[in-house]
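Chemist: Chains as they are written, first to last, in the UniProt record's numbering: chain A, 1 to 311; chain D, 1 to 311.
Protein chains: 2
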Amino acid sequence: MDLDTVRTFVAAAEAGQFQEAAAELAVTQQAVSKRIAALERALGVRLFTRTPRGAELTIDGQAFLPHARELLRTAERAVASVRTDRRPLRVDVINSRGAATGLMREFHRAHPEIELDVVMLLEIDTAVAAIRSGAIDASFRAVAAPGRPLPEDVEAVRVLDEPLQLLTGPAHALAGARSVTLAELAGHRIWMPGVVPGTEWTAYYDDLVAEFGLTIEATGPNFGSDALLDTIADTPALATFMSERTRLVWPAGHGLRRIPVTGPTPVYPHALLWRRDNPHPGLAALRAHLAGAAGGRDTAGTWMPDWVIPR
Amino acid sequence: MDLDTVRTFVAAAEAGQFQEAAAELAVTQQAVSKRIAALERALGVRLFTRTPRGAELTIDGQAFLPHARELLRTAERAVASVRTDRRPLRVDVINSRGAATGLMREFHRAHPEIELDVVMLLEIDTAVAAIRSGAIDASFRAVAAPGRPLPEDVEAVRVLDEPLQLLTGPAHALAGARSVTLAELAGHRIWMPGVVPGTEWTAYYDDLVAEFGLTIEATGPNFGSDALLDTIADTPALATFMSERTRLVWPAGHGLRRIPVTGPTPVYPHALLWRRDNPHPGLAALRAHLAGAAGGRDTAGTWMPDWVIPR
DNA sequence: CTAGGGCCACAACGATCGGTTGTGGTGGGG
DNA sequence: CCCCACCACAACCGATCGTTGTGGCCCTAG
Numbered sequence: 001m002d003l004d005t006v007r008t009f010v011a012a013a014e015a016g017q018f019q020e021a022a023a024e025l026a027v028t029q030q031a032v033s034k035r036i037a038a039l040e041r042a043l044g045v046r047l048f049t050r051t052p053r054g055a056e057l058t059i060d061g062q063a064f065l066p067h068a069r070e071l072l073r074t075a076e077r078a079v080a081s082v083r084t085d086r087r088p089l090r091v092d093v094i095n096s097r098g099a100a101t102g103l104m105r106e107f108h109r110a111h112p113e114i115e116l117d118v119v120m121l122l123e124i125d126t127a128v129a130a131i132r133s134g135a136i137d138a139s140f141r142a143v144a145a146p147g148r149p150l151p152e153d154v155e156a157v158r159v160l161d162e163p164l165q166l167l168t169g170p171a172h173a174l175a176g177a178r179s180v181t182l183a184e185l186a187g188h189r190i191w192m193p194g195v196v197p198g199t200e201w202t203a204y205y206d207d208l209v210a211e212f213g214l215t216i217e218a219t220g221p222n223f224g225s226d227a228l229l230d231t232i233a234d235t236p237a238l239a240t241f242m243s244e245r246t247r248l249v250w251p252a253g254h255g256l257r258r259i260p261v262t263g264p265t266p267v268y269p270h271a272l273l274w275r276r277d278n279p280h281p282g283l284a285a286l287r288a289h290l291a292g293a294a295g296g297r298d299t300a301g302t303w304m305p306d307w308v309i310p311r
Numbered sequence: 001m002d003l004d005t006v007r008t009f010v011a012a013a014e015a016g017q018f019q020e021a022a023a024e025l026a027v028t029q030q031a032v033s034k035r036i037a038a039l040e041r042a043l044g045v046r047l048f049t050r051t052p053r054g055a056e057l058t059i060d061g062q063a064f065l066p067h068a069r070e071l072l073r074t075a076e077r078a079v080a081s082v083r084t085d086r087r088p089l090r091v092d093v094i095n096s097r098g099a100a101t102g103l104m105r106e107f108h109r110a111h112p113e114i115e116l117d118v119v120m121l122l123e124i125d126t127a128v129a130a131i132r133s134g135a136i137d138a139s140f141r142a143v144a145a146p147g148r149p150l151p152e153d154v155e156a157v158r159v160l161d162e163p164l165q166l167l168t169g170p171a172h173a174l175a176g177a178r179s180v181t182l183a184e185l186a187g188h189r190i191w192m193p194g195v196v197p198g199t200e201w202t203a204y205y206d207d208l209v210a211e212f213g214l215t216i217e218a219t220g221p222n223f224g225s226d227a228l229l230d231t232i233a234d235t236p237a238l239a240t241f242m243s244e245r246t247r248l249v250w251p252a253g254h255g256l257r258r259i260p261v262t263g264p265t266p267v268y269p270h271a272l273l274w275r276r277d278n279p280h281p282g283l284a285a286l287r288a289h290l291a292g293a294a295g296g297r298d299t300a301g302t303w304m305p306d307w308v309i310p311r
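(1) Would you kindly report the start and end of the unbroken beta strand (DSSP E) that includes D:Val261?
(2) Determine, using beta carbons only, whether A:Ala218 and A:Met242 come nearer to each other than 8 Å.
(3) Can you tell me the Cβ-Cβ gap for A:Thr262 and A:Gly301, rounded? I've got them flagged as a contact below 8 Å.
(4) Can you confirm whether the region 27 to 42 of chain A touches the region 104 to 116 of chain D when touching is taken to mean that 3 or more C-beta pairs between the two stretches lie within less than 8 Å?
(5) Between D:Ala271 and D:Arg148, is the Cβ-Cβ spacing less than 8 Å?
(6) Around the C-beta of D:Arg90, are 16 or more other C-beta atoms found within 10 angstroms, so that it is buried, or is it exposed?
(7) Reducing DSSP to helix, strand and coil, say where D:Thr126 ends up.
(8) Report yes or no: do three or more beta-carbon pairs, one from the region 227 to 242 of chain A and one from the region 164 to 183 of chain A, lie closer than 8 Å?
(9) I want to see whether chain A comes within less than 8 Å of D:Ile59, judged by CB atoms only; does it?
(10) How long is the line joining the alpha carbons of A:Leu182 and A:Thr299, rounded to whole angstroms?
(11) On the CB-based measure, 16 or more other CB atoms within 10 Å of its CB, does A:Asp277 come out buried or exposed?
(12) Ignore the nearest five residues each way along the sequence and tell me which others in D:Met304's own chain have a CB closer than 6 Å to its CB.
(13) Of all Cβ atoms in chain A, is any one closer than 8 Å to the Cβ of D:Ala104?
(14) In the region 79 to 124 of chain D, which residue ranges form an unbroken alpha helix (DSSP H) of at least 4 residues, counting only runs that do not cross its ends?
(15) For A:Thr265, which of A:Leu43, A:Ser179 and A:Gly292 has the nearest alpha-carbon?
(16) Would you identify the three-state DSSP class for D:Arg178, choosing helix, strand or coil?
(17) Counting only Cβ-Cβ distances shorter than 7 Å, please list the residues of the region 60 to 73 of chain D near chain A, keeping chain order.
(18) Three-state secondary structure (DSSP) at D:Val209?
(19) List the endpoints of the continuous alpha helix (DSSP H) containing D:Val6.
(20) How many Å lie between A:Asp85 and D:Asp92 at the Cα?
(21) Would you decide whether residue 317 of chain A is buried or exposed? Buried here means 16 or more other CB atoms lie within 10 Å of its CB.
(22) Considering just the uninterrupted stretch of the alpha helix (DSSP H) at A:Ala22, what are its terminal residues?
(23) Relative to the C-alpha of A:Asp4, which candidate in A:Ala68, A:Trp307, A:Pro236 and A:Pro281 has its C-alpha closest?
(24) Going along chain A, which residues have a C-beta under 7 Å from D:Ser81?
(25) Under a CB-based cut-off of 8 Å, is A:Leu43 close to chain D?
(26) With 16 other CB atoms within 10 Å as the buried threshold, where does A:Pro88 fall?
(27) Of the residues D:Leu72, D:Glu56, D:Glu152 and D:Arg7, which one's Cα is nearest the Cα of D:Leu273?
(28) Our contact map puts D:Ala12 next to D:Ala21 with C-beta atoms below 8 Å; I'd like the distance itself, whole angstroms only.
(29) What is the DSSP secondary structure of D:Arg276, counted as helix, strand or coil?
(30) Sort D:Leu72, D:Ser133, D:Ile59 and D:Ile94 by Cα distance to D:Leu122 and report the nearest one.
(31) Which first and last residues belong to the alpha helix (DSSP H) in which A:Glu40 is found?
(32) Secondary structure at A:Glu152, three-state DSSP: helix, strand or coil?
(33) Which partner residues does A:Leu163 have in the DSSP bridge list?
(34) Would you tell me roughly how many angstroms separate the C-alpha atoms of A:Ala75 and A:Gly44, rounded to the nearest one?
(35) Consult DSSP for D:Arg158 and reduce its assignment to one of helix, strand or coil.
(36) When every heavy atom of the ligand MG is checked, does at least one fall within less than 7 Å of the C-beta of D:Leu39?
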């Protein structure tokens, strides 16, 4: 199907005749006639009843019309998403399981008029380069990079601290615990699929492992959240970390347990990075929104690496 | 833009290489290469970075991908809307101001999984013919037609009685009234634009006029609800009927007044018409929903024509 | 009743587009 | 170091799409 054909259909439906639609589209009436005929052949239904005074929609045509309009609107948005000037606000999030997507959804609810595009860049160097080049407008990251400072023109602000909980199946040794300390987790297998090597997630968990002697496996393909929950539920010797903010929806009977971790509570920090002179109006709104929604500055009893961006 | 091109883009993005995408789409690798190049030229951005081991998305490509998927889904829905088998439930409503659209929105909220298409057919003969032929699945109507019975295979059930109120501007002679009787409305100009001659709306208001000696004008083009409200607000000698269920949103300062009509209250009846042997699963759900949401069977102190479909 | 005008469909022709085959270039792995 | 896998470019060819020209239909005015 060709969008020009759909555009022709909408124009003809609005004009009520092919001739006028043809004039609007700067083609001949015969071209319009052929396009409509082709569309009707492709769909297998008649869209117009031709009269000597024009053409009016059949019932099928009436039903198709709003879908055709929606199709054109969608196409327009698709094209707009890659326009170099005035495109939607483009934000990089590190992965779909983290809190960043939640923040973005919240921002979208608060500002539905601001068009958004979400991308996932994995590597922080890629993200910083994209921010500097203007390919993206902002990125949710834990840090610039352990030990490496951010460039002059890139600013960063910590916007959310995400406390982690332990998630186990019903047969896990710690399933009955009211809470566990990080020291008690030593020796237990913690599984974090989807944590891509080379990202600051890795650095975070590497630090956690080094400091508390945990066993964290990032191996194995990431088949998505559902598969992860299934495996955790069925495997007694396996657990994973999950944000205490994450709202889980899983089938009853899995019996998954969320166990608070204390002494200290590992907290994953999220910062927003952007280029200082990026003029996108949506960026200012996003920063304002995140500044308002921050909260939770109490760091007592929590742990995070010492190389994170300060608040 | 051509949807085949978009499909090619999505296939290539999913496969990570042009070759595999080409195999999936049953074309040559060169064709995929040309399509992608053409799409990139049309959009003015590079969508893939070509490597000797495949092609991966640029940031622009990543941003474009969800829009491309959405475009294909929208196209699929558009095509499905005119499929002869298993198409969305197609319901005719008499116009967008009435209660029928509200009922449909409510039904959609209750059953978001049922795809809906709404059409407007105006003439009841057209609607009945469309119901019999299967072109539409159901129609909201006041009646079959004054004095004319419905065909054997078309069933009808009254689903909603819509009490009417008077709507006036602040300078109207009745603006201060707590309520008015139909008899008191004699001599006042009532304006009902958008009531199309030949529909059962006309028959309804004709009956109302004949019985209570009102002056109802259906003349003038219908410029939509906003224009109607503007005119009512500014014209002291003009009023209109409006459902008491209608939620109005108008700018402050208009000072519009809603005045209950009594002795008796005119009630506009809505019935659902459908073909007895129509097997569409959505139709059964719609009927069940409307049966549950009906209510308001008290007819004391109300008026409606005697030719309406009984409850 | 007829002539004319407005509108859509069909036919023939030409240009452009999109697909295929054939070939070259490039980077990673055995 | 060579080979393989993959993508891009070129030439060719058929299908498609738009144009011009024409005919038919119906409504309206004279």
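Yeah, the Cβ is synthetic: ideal placement off N, Cα and C, and Gly gets one too.
Nothing here was measured: the structure is a model prediction, and the numbers come from that model.
Modeler: Let me spell this out:
(1) In the second sequence, residue 261 of chain D corresponds to position 261, counting from 1. Unbroken beta strand (DSSP E) run through D:Val261: Arg257 to Thr262.
(2) The residue given as residue 218 of chain A occupies position 218 in the first sequence. The residue given as residue 242 of chain A occupies position 242 in the first sequence. Not closer than 8 Å, so no.
(3) Translated into the one-based positions of the first sequence, residue 262 of chain A becomes position 262. Translated into the one-based positions of the first sequence, residue 301 of chain A becomes position 301. At roughly 7 Å, the Cβ-Cβ gap stays under 8 Å, so A:Thr262 and A:Gly301 are in contact.
(4) no
(5) The sequence position of residue 271 of chain D within the second sequence is 271, counting from 1. The sequence position of residue 148 of chain D within the second sequence is 148, counting from 1. In this structure, D:Ala271 sits away from D:Arg148, with a CB-CB distance that is not shorter than 8 Å.
(6) Counting from 1 along the second sequence, the entry for residue 90 of chain D is found at position 90. So D:Arg90 counts as buried.
(7) Residue mapping note: residue 126 of chain D aligns to position 126 of the second sequence, counting from 1. Three-state DSSP puts D:Thr126 in a helix.
(8) The region 227 to 242 of chain A is in contact with the region 164 to 183 of chain A.
(9) Mapped onto the second sequence, residue 59 of chain D falls at position 59. Chain A contact via Cβ: present.
(10) Taking the first residue of the first sequence as 1, we reach residue 182 of chain A at position 182. Taking the first residue of the first sequence as 1, we reach residue 299 of chain A at position 299. If I take the Cα positions, the gap works out to 16 Å.
(11) Taking the first sequence and counting its residues from 1, one reaches residue 277 of chain A at position 277. Per the 10 Å Cβ criterion, exposed.
(12) Here residue 304 of chain D corresponds to residue number 304 of the second sequence, with the count starting at 1. Cβ neighbours of D:Met304 beyond the five flanking positions: Val267 and Pro269.
(13) Taking the second sequence and counting its residues from 1, the one referred to as residue 104 of chain D is at position 104. One detail in the question is off: residue 104 of chain D reads as Met in this sequence, not Ala. Judged by the 8 Å Cβ criterion, D:Met104 is not in contact with chain A.
(14) Along the region 79 to 124 of chain D, the alpha helix (DSSP H) occurs as fully enclosed runs of 4 or more residues at 99 to 110, listed in sequence order.
(15) Start at 1 with the first residue of the first sequence, and residue 265 of chain A comes out as number 265. That would be A:Ser179, whose Cα lies nearest to the Cα of A:Thr265.
(16) Taking the first residue of the second sequence as position 1, residue 178 of chain D is located at position 178. D:Arg178 falls in the coil class under three-state DSSP.
(17) Contacts with chain A (Cβ-Cβ distance below 7 Å) from the region 60 to 73 of chain D involve Asp60, Gln62, Ala63, Phe64, His67, Ala68, Glu70 and Leu71, listed in chain order.
(18) Here the question's residue 209 of chain D lines up with position 209 in the second sequence. In this structure, D:Val209 counts as helix in the three-state DSSP scheme.
(19) Locating residue 6 of chain D in the second sequence gives position 6, counting from the first residue. Segment Leu3 to Ala15, the alpha helix (DSSP H) holding D:Val6.
(20) Looking up residue 85 of chain A in the first sequence gives position 85. Looking up residue 92 of chain D in the second sequence gives position 92. One C-alpha to the other measures close to 43 Å.
(21) The requested residue 317 of chain A does not occur in the structure, where chain A is confined to residues 1 to 311.
(22) By one-based count along the first sequence, residue 22 of chain A stands at place 22. Looking at the DSSP string, the run of the alpha helix (DSSP H) that includes A:Ala22 is Phe18 to Leu25.
(23) Residue mapping note: residue 4 of chain A aligns to position 4 of the first sequence, counting from 1. Of the candidates A:Ala68, A:Trp307, A:Pro236 and A:Pro281, the one whose C-alpha sits nearest the C-alpha of A:Asp4 is A:Ala68.
(24) Against the second sequence, residue 81 of chain D aligns to sequence position 81. What D:Ser81 touches in chain A: Ala63, Phe64 and His67.
(25) Taking the first sequence and counting its residues from 1, the one referred to as residue 43 of chain A is at position 43. Output row for A:Leu43: interface = yes.
(26) Mapped onto the first sequence, residue 88 of chain A falls at position 88. Label assigned to A:Pro88: buried.
(27) Numbered from its first residue, the second sequence carries residue 273 of chain D at position 273. Nearest option by C-alpha distance: D:Glu152.
(28) Walking along the second sequence from the start, residue 12 of chain D turns up at place 12. Walking along the second sequence from the start, residue 21 of chain D turns up at place 21. Indeed, because the Cβ distance is near 4 Å, the residues count as touching under 8 Å.
(29) Start at 1 with the first residue of the second sequence, and residue 276 of chain D comes out as number 276. Looking at D:Arg276 - three-state DSSP - the assignment turns out to be coil, as it is neither helix nor strand.
(30) Here residue 122 of chain D refers to the residue found at position 122 when the second sequence is read from its first residue. Comparing Cα positions, the closest option is D:Ile94.
(31) Residue mapping note: residue 40 of chain A aligns to position 40 of the first sequence, counting from 1. Segment Gln29 to Leu43, the alpha helix (DSSP H) holding A:Glu40.
(32) Start at 1 with the first residue of the first sequence, and residue 152 of chain A comes out as number 152. Residue state, collapsed to three classes: coil.
(33) Indexing the first sequence from 1 puts residue 163 of chain A at position 163. The amino acid at residue 163 of chain A is misidentified as Leu; the sequence shows Pro. The secondary-structure analysis by DSSP pairs A:Pro163 across a beta bridge with A:Val267.
(34) Translated into positions along the first sequence, residue 75 of chain A becomes position 75. Translated into positions along the first sequence, residue 44 of chain A becomes position 44. Cα to Cα, the separation comes out at about 23 Å.
(35) Taking the second sequence and counting its residues from 1, one reaches residue 158 of chain D at position 158. Looking at D:Arg158 - three-state DSSP - the assignment turns out to be strand.
(36) Annotation note on the ligand MG: not contained in the displayed structure, which lists no ligands.
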